[in-house]
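Engineer: Under my numbering, think of the first position of the sequence shown as 4, with each following residue one higher.
I have a structure I would like to understand better, so I am pasting it below and will then ask my questions one at a time.
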Amino acid sequence: MSEAAVVAAGVQAGPEISVVVPCYNEVGNVGPLVAALERALAGRRWEVIFVDDNSPDGTTAAVNAIAQRDSRVRGLCRIGRRGLSSAVIEGALSSSAQVVAVMDGDMQHDESRLGALVDAVQSGACDVAVGSRHVEGGDNSGLANAWRHALSDGGIKLAQLILPVRLGDPMSGFFALRQDTFARIAPHLSGTGFKILVDLLLSSPQPLRVQEIACGFRERLAGESKLDAVVMLQFVALLLDKLCRGWLPLRFVAFALVGLIGVGTNLLVMQCVRALGVNFSMAQGIGTLVAMVVNFQLDNNFTYRDRRLRGVRCVWGLLLFMLVCSVGALANVGVADMVYHQHREFNEASVAGALIAVVWNYAMSATIVWRL
């Protein structure tokens with residue numbers, strides 16, 4: 004049935020644009036964002052889909068209150084899972100619109116540029132239109148401080164090393180593409196972390212044509228920024244996952260990176276304790292204990308951020324993690340000893356033991372500590 008026939012039959016046509024807004028603790032931004040979209044997309048058929056990770060501040064309730072009087076507003080509340088990328092995936096796949104646009108819920112993206120992004124995609128000029136802070140006319144002044152500027156700039160340089168297309172602002176969270184293009188790429192996405200644009204560009208079976216549209220980046224209206232060192236570690240893990248072409252699970256890559264930090268922590272603590280006159284065995288034990296605690300905290304806040312343990316569950320998780328790692332350490336020593344006696348190669352034996360330990364620790368952590 005044509006659109007004219009639909010209108011003649013008294014059936015309202017669906018939206019041509021879906022704006023997907025992943026959010027967490029953005030209750031103060033919901034109303035202002037809807038009002039801003041109404042101005043920016045005047046004369047177009049649009050909807051906004053807020054995908055909220057069960058925010059404790061009442062974000063979902065605020066969305067639902069507006070949705071009761073405005074059918075262009077929809078809310079998806081996710082229970083028991085977290086993450087910007089996976090939120091965008093669920094929101095975009097729930098859309099029946101021709102074009103899906105993605106923007107943050109913190110009012111930092113310039114919604115007045117949405118029309119230009121949508122037009123670039125609908126005209127066929129590109130597959131993905133990106134709101135860029137790093138082309139002529141763009142503005143990056145909304146980043147809170149020099150630390151966040153450094154994180155953003157570092158991520159851009161890393162991404163540009165491996166992206167199959169030239170892109171000045173791969174860290175942008177403001178972009179648009181056809182819904183069928185997104186659906187085609189979705190099965191290949193890792194779906195973890197906070198930088199869904201890079202995931203899309205690296206996961207597409209065919210290179211995507213990209214056009215950058217100058218965009219300002221404002222200061223936050225309300226809430227707190229999600230950009231921190233943990234987010235950047237997740238971003239590095241995503242890049243490594245894509246470089247490995249999916250042969251290594253992203254969580255395993257992250258778990259192994261954390262494990263390397265633990266090794267360094269162990270050695271540093273052991274040397275400090277030894278300098279105080281403690282014997283080697285005691286120093287090794289203290290170093291191992293501290294490394295386990297550090298590893299648990301990093302894994303809880305980085306590798307398993309979407310399943311983060313809190314309160315009493317965090318305490319029990321730490322105890323289980325230490326038990327798992329203790330078994331892994333015994334396996335490490337046992338396998339290394341066996342390989343050494345068979346081949347008399349110290350390095351080969353050490354690597355074999357370490358590999359067995361990290362695989363054991365990862366498998367048990369995923370199934371026991373941070374349950375699937």
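From the three backbone atoms N, C-alpha and C, an ideal C-beta is built for every residue, glycine too.
How many angstroms separate the CA atom of residue 116 from the CA atom of residue 216?
Structural biologist: Distance between the alpha carbons of residue 116 and residue 216: 8 Å.
Engineer: Could you pull the DSSP bridge partners for residue 112 from this structure?
Structural biologist: For residue 112, which the question treats as bridged, DSSP gives the partners 220.
Engineer: Could you name the residues of the same chain whose beta carbon sits closer than 8 Å to that of residue 297, not counting the 5 residues immediately before and after it, in chain order?
Structural biologist: Answer for residue 297: 264, 265, 268, listed in chain order.
Engineer: Quick check: the Cα distance between residue 124 and residue 95, rounded to an integer number of angstroms?
Structural biologist: Each residue's alpha carbon lies about 16 Å from the other.
Engineer: With a threshold of 16 other CB atoms inside 10 Å of the CB of residue 194, please say whether the residue is buried or exposed.
Structural biologist: The residue in question, residue 194, is buried, as its Cβ has 16 or more Cβ neighbours within 10 Å.
Engineer: When the Cα atoms are used, what is the spatial distance from residue 18 to residue 100?
Structural biologist: Approximately 5 Å between the Cα atoms of the pair.
Engineer: Among all the DSSP beta bridges, which residues are the ones paired with residue 319?
Structural biologist: Beta-bridge pairing links residue 319 to no other residue.
Engineer: Going by DSSP, which residues form a beta bridge with residue 49?
Structural biologist: 20, per the DSSP bridge assignment.
Engineer: Use the C-beta contact count for residue 82: other C-beta atoms within 10 angstroms, 16 or more gives buried, fewer gives exposed.
Structural biologist: Under this definition residue 82 is an exposed residue.
Engineer: Looking only at its chain, what residues have a beta carbon closer than 7 Å to the beta carbon of residue 189, apart from the 5 residues adjacent to it on each side?
Structural biologist: Only 92, 96 meet the Cβ criterion.
Engineer: With a threshold of 8 Å on Cβ separation, who are the neighbours of residue 294 within its own chain once the five nearest residues in sequence on each side are excluded?
Structural biologist: Closer than 8 Å at Cβ, skipping near neighbours: 265, 266, 268, 269, 272.
Engineer: Classify residue 322 as buried or exposed, calling it buried when 16 or more other Cβ atoms lie within 10 Å of its own Cβ.
Structural biologist: It is exposed - the Cβ of residue 322 has fewer than 16 other Cβ atoms within 10 Å.
Engineer: In chain order, what residues of the same chain lie with their CB nearer than 6 Å to the CB of residue 60, ignoring the 5 residues before and after it?
Structural biologist: Result list for residue 60: 28, 30, in chain order.
Engineer: Looking only at DSSP bridge pairs, what is residue 135 linked to?
Structural biologist: DSSP, once it has assigned bridges, lists 217 as partnering residue 135.
Engineer: Run through DSSP, which three-state label would residue 275 get?
Structural biologist: Reduced to three states, the DSSP call for residue 275 is helix.
Engineer: For residue 256 and residue 245, what's the separation of their Cα atoms in angstroms?
Structural biologist: Whole-angstrom Cα-Cα distance: 11 Å.
Engineer: Verify whether the separation of the beta carbon atoms of residue 162 and residue 103 is less than 8 Å.
Structural biologist: Contact: no.
Engineer: Taking all protein chains shown into account, do 16 or more other C-beta atoms lie within 10 angstroms of the C-beta of residue 318, making it buried, or fewer, making it exposed?
Structural biologist: Residue 318 is exposed by the Cβ-count criterion.
Engineer: Can you have a look at residue 35 and say buried or exposed, based on whether 16 or more other CB atoms are within 10 angstroms of its CB?
Structural biologist: So residue 35 ends up on the exposed side.
Engineer: If we count the other Cβ atoms within 10 Å of its Cβ and call it buried at 16 or more, is residue 374 buried or exposed?
Structural biologist: Classification of residue 374: exposed, given that the 10 Å Cβ count is below 16.
Engineer: Count the other C-beta atoms from every protein chain shown that fall within 10 angstroms of the C-beta of residue 208, then say buried if there are 16 or more, exposed otherwise.
Structural biologist: It counts as exposed.
Engineer: For residue 311 and residue 303, which I take to be in contact (beta-carbon distance under 8 Å), what is that distance rounded to the nearest angstrom?
Structural biologist: With 8 Å as the limit, residue 311 and residue 303 qualify as a contact, their Cβ atoms being about 6 Å apart.
Engineer: When the Cα of residue 166 is compared with those of 201, 182, 139, which residue comes out closest?
Structural biologist: The shortest Cα separation from residue 166 among 201, 182, 139 belongs to 201.
Engineer: Mind reading off the beta-carbon distance from residue 105 to residue 176? Whole number of angstroms is fine, and I expect it under 8 Å.
Structural biologist: Confirmed, about 7 Å.
Engineer: Smallest Cα separation from residue 181: which of 192, 98, 274?
Structural biologist: The candidate whose alpha carbon is nearest that of residue 181 is 98.
Engineer: Any idea what DSSP makes of residue 15, helix, strand or coil?
Structural biologist: The answer is coil: DSSP assigns residue 15 none of H, G, I, E or B.
Engineer: Are the CB atoms of residue 305 and residue 372 within a distance shorter than 8 Å?
Structural biologist: No, the pair does not count as a contact, with Cβ atoms beyond the cut-off.
Engineer: Mind checking residue 77: buried by the 16 CB within 10 Å criterion, or exposed?
Structural biologist: Buried, since its Cβ has 16 or more Cβ neighbours within 10 Å.
Engineer: Kindly list the residues whose CB is nearer than 6 Å to the CB of residue 33, restricted to its own chain and excluding five residues on each side of it in sequence; keep chain order.
Structural biologist: Correct list, in chain order: 65, 66.
Engineer: State buried or exposed for residue 364, treating a residue as buried only when at least 16 other CB atoms are found within 10 Å of its CB.
Structural biologist: By the neighbour-count rule (16 or more Cβ atoms within 10 Å), residue 364 is buried.
Engineer: Throw me the rounded Cβ distance for the residue 20 and residue 48 pair, which I believe falls under 8 Å.
Structural biologist: At roughly 7 Å, the Cβ-Cβ gap stays under 8 Å, so residue 20 and residue 48 are in contact.
Engineer: Let me know the secondary structure DSSP gives residue 142 once reduced to three states.
Structural biologist: If DSSP states are grouped into helix, strand and coil, residue 142 belongs with the strands.
Engineer: Using the Cα positions of residue 108 and residue 330, report the straight-line distance between them to the nearest angstrom.
Structural biologist: C-alpha separation (whole angstroms): 44 Å.
Engineer: Thinking residue 114 and residue 45 are a contact (beta carbons under 8 Å), I'd like their distance in whole angstroms, please.
Structural biologist: So it is not a contact: roughly 12 Å between Cβ atoms.
Engineer: Throw me the rounded Cβ distance for the residue 309 and residue 136 pair, which I believe falls under 8 Å.
Structural biologist: Incorrect: roughly 27 Å between the Cβ atoms, too far for contact.
Engineer: Under 8 Å, do residue 198 and residue 241 count as touching if we go by C-beta distance?
Structural biologist: In this structure, residue 241 lies closer than 8 Å to residue 198 by Cβ.
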